[in-house]
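Undergrad: Residue numbers (the working numbering): 478 to 817.
Please find one structure pasted underneath; my questions will follow.
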Amino acid sequence: MIIRFWRVSFRVDMRTAAVCLCMVAATLVVGVFAISTGDYHIPLGEVVRTLLGGGTRSTYFIIETLRLPRVLTAILVGAALGVSGAIFQSLSRNPLGSPDIIGFTTGAATGAVLEILVFHGSTQAIALGAIVGGVATALVVYLLAFKRGVQGYRLILIGIGISAMLASVNSYLLTRANIDDAETAQVWLTGSLNGRGWEHVRPISIALAVLLPAAFLLGRQMRMLEMGDDAAQALGVRAERARLQLLLVGVALTGVAVAAAGPITFVALAAPQLARRLTHAPGVGLLSSALMGMFLLSLSDYAAQRVFPSVQLPVGVATGAVGGVYLAWLLAHEWRSGRA
């Protein structure tokens with residue numbers, strides 16, 4: 478279906494639109510359930526009423542101060558991971574091209590761990606360290622993979638090697654730290670949304686307000702690059718420049734997500750492919766991947782809270798457990814299809 482607005486017209490696939498609306502609705506439902514459950518149960522109707530401006534003072538405090546920031550952080554981090562995963566899978570033309578696999582998440586974690594264990598930085602310094610670490614890792618991987626352009630498998634293989642090296646650095650730093658700092662860093666490395674407040678929501682909201690529009694503006698060039706550099710250049714796209722811009726936006730999204738919640742694994746890997754299978758789209762879509770990332774992380778965090786209600790289980794444990802099964806299936810699928 479073609480939609481025209483003033484002088485702009487764009488094509489909307491009805492199946493994709495329906496899937497996106499369903500994911501938005503599902504995310505809202507999961508968010509309301511997450512807000513309602515806890516040590517102090519709040520009926521669903523009271524949750525909705527409080528969010529719309531009503532409710533009592535006690536429910537307002539519990540929802541607005543304690544629970545809503547965590548849900549919003551999950552939604553924002555999930556969107557960032559979904560879009561970054563879509564960018565890297567498109568650039569590498571491979572479903573394994575995720576920031577988890579090619580080392581950018583590990584690089585961001587290394588930057589944060591250095592701030593925690595070596596420099597003993599503040600929360601803002603840890604967040605900045607994560608972003609700097611992710612960008613530095615991406616530049617190293619890009620330069621090592623560059624040979625008359627960047628090819629997908631070369632990017633993935635070099636990224637896996639760099640990721641393994643950085644994981645060793647993280648382990649070494651943990652062994653050299655005192656027990657209190659090491660415990661703090663290890664909990665952070667698991668990836669968690671526990672204790673998230675408005676001080677976490679505001680920075681990532683501002684960052685995504687800049688990065689997500691940039692990613693969507695580059696979406697057309699990304700789709701052109703999927704056809705190959707020669708075809709993209711014939712259509713007026715400067716291939717290597719567009720690839721570098723997409724790489725920087727994707728890394729920034731990864732760094733922002735890691736800064737807000739730690740290195741939460743497998744959401745960036747799974748979200749674009751699950752969204753692609755639901756929409757039946759020929760390539761990964763940025764919007765559908767963002768919405769799927771929001772839903773997956775919100776659902777994972779809700780499940781992590783309810784599996785063991787007496788224990789605040791980090792969401793990274795839930796995504797890692799489910800994501801490991803997904804990765805095994807994906808590898809087997811790629812091998813059977815002859816692409817691995």
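By construction, the Cβ of each residue, glycine as well, lies at the ideal position given by its N, Cα and C atoms.
These numbers come from a predicted model, not from an experiment.
Taking the runs of the alpha helix (DSSP H) that are 4 residues or longer, which of them lie wholly in the segment 670-740?
TA: Assignment of alpha helix (DSSP H) within the segment 670-740, counting only whole runs of 4 or more residues, yields 675-694, 696-702, 706-711 and 716-738 in chain order.
Undergrad: So Val507 packs on Ser766, CB below 8 Å; how close in whole Å?
TA: Actually they are not in contact, since the Cβ atoms of Val507 and Ser766 sit about 18 Å apart, beyond 8 Å.
Undergrad: I'd like the span of the alpha helix (DSSP H) that includes Leu764, first residue to last.
TA: Leu763 to Val784
Undergrad: Beta-carbon separation of Gly727 and Ile608 under 9 Å?
TA: Cβ distance not < 9 Å, so Gly727 and Ile608 don't count as in contact.
Undergrad: What is the residue span of the alpha helix (DSSP H) that Tyr537 lies within?
TA: Run containing Tyr537: Arg534 to Tyr537, per the alpha helix (DSSP H) assignment.
Undergrad: Among Val664, Leu553, Ile512 and Gly797, whose alpha-carbon lies nearest the alpha-carbon of Val687?
TA: Leu553
Undergrad: Taking the straight line between their C-alpha atoms, what separation do you get for Ile519 and Arg715?
TA: Taking the straight line from one Cα to the other gives about 54 Å.
Undergrad: What residue does the alpha helix (DSSP H) around Ala758 start on, and which one ends it?
TA: Ala758 -> no alpha helix (DSSP H), and no H or E assigned at all.
Undergrad: Which whole-angstrom value is the C-beta distance of Ala795 and Ser777, which I expect to be below 8 Å?
TA: 4 Å
Undergrad: Tell me, to the nearest whole angstrom, how far the beta carbon of Ala604 is from that of Pro680; I am working on the premise that it is less than 8 Å.
TA: 7 Å
Undergrad: Within the segment 567-594, note down every full alpha helix (DSSP H) run reaching 4 residues or more, in order along the chain.
TA: 581-594
Undergrad: Candidates Thr600, Val612 and Val664: which alpha carbon is nearest Leu725's?
TA: Residue Val612 is the option with its Cα nearest to Leu725.
Undergrad: Take Leu634 as the anchor and find which of Val618, Ala709 and Lys624 has the nearest alpha-carbon.
TA: Val618
Undergrad: Could you check the C-alpha separation between Thr504 and Arg631 for me, to the nearest Å?
TA: 36 Å
Undergrad: For the alpha helix (DSSP H) holding Val501, just list the boundary residues, first then last.
TA: Met491 to Ser513
Undergrad: So for Val788, helix, strand or coil by DSSP?
TA: coil
Undergrad: Tell me where the alpha helix (DSSP H) around Arg526 begins and ends.
TA: Where Arg526 is concerned, the enclosing alpha helix (DSSP H) starts and stops at Leu521 to Leu528.
Undergrad: Among Thr542, Gly531, Asp706 and Ala747, which residue has its Cα nearest to the Cα of Tyr803?
TA: Ala747
Undergrad: My understanding is that Ala585 touches Gly732, with C-beta atoms under 8 Å, so please give their C-beta distance in whole angstroms.
TA: 5 Å
Undergrad: Between Thr550 and Ala738, how many whole angstroms is the CB-CB distance? I'm expecting something under 8 Å.
TA: 6 Å
Undergrad: On the three-pair Cβ rule with 8 Å, is the segment 591-599 touching the segment 648-656?
TA: yes
Undergrad: Figure out for me which residue from Glu703, Phe743, Leu695 and Thr542 has the closest Cα to the Cα of Gln722.
TA: Leu695
Undergrad: For Val678 and Ala711, what's the separation of their Cα atoms in angstroms?
TA: For Val678 and Ala711, the gap between their C-alpha atoms comes out near 42 Å.
Undergrad: Between the Cα of Arg526 and those of Tyr537, His810 and Tyr517, spot the shortest distance and give me the residue it belongs to.
TA: Tyr537
Undergrad: In its own chain, which residues sit with a C-beta less than 6 Å from the C-beta of Phe581, not counting the 5 before and 5 after it?
TA: Its chain contains Gly611, Thr614, Ala615, Val728 and Thr731 as the residues whose beta carbon lies nearer than 6 Å to that of Phe581, once the 5 sequence neighbours on both sides are disregarded; these appear in chain order.
Undergrad: Going by Cα to Cα distance, which pick from Leu685, Ile683 and Ala719 is closest to Arg700?
TA: Ala719
Undergrad: State the Cα-Cα distance for the pair Pro749 and Gln566, rounded to the nearest angstrom.
TA: About 8 Å.
Undergrad: Just reading off the alpha helix (DSSP H) that Glu541 is part of, what are its end residues?
TA: From DSSP, Glu541 is part of no alpha helix (DSSP H); its letter is neither H nor E.
Undergrad: Have a look at Arg534, Phe623, Leu702 and Thr667 and flag the residue whose alpha-carbon is nearest the alpha-carbon of Val590.
TA: Thr667
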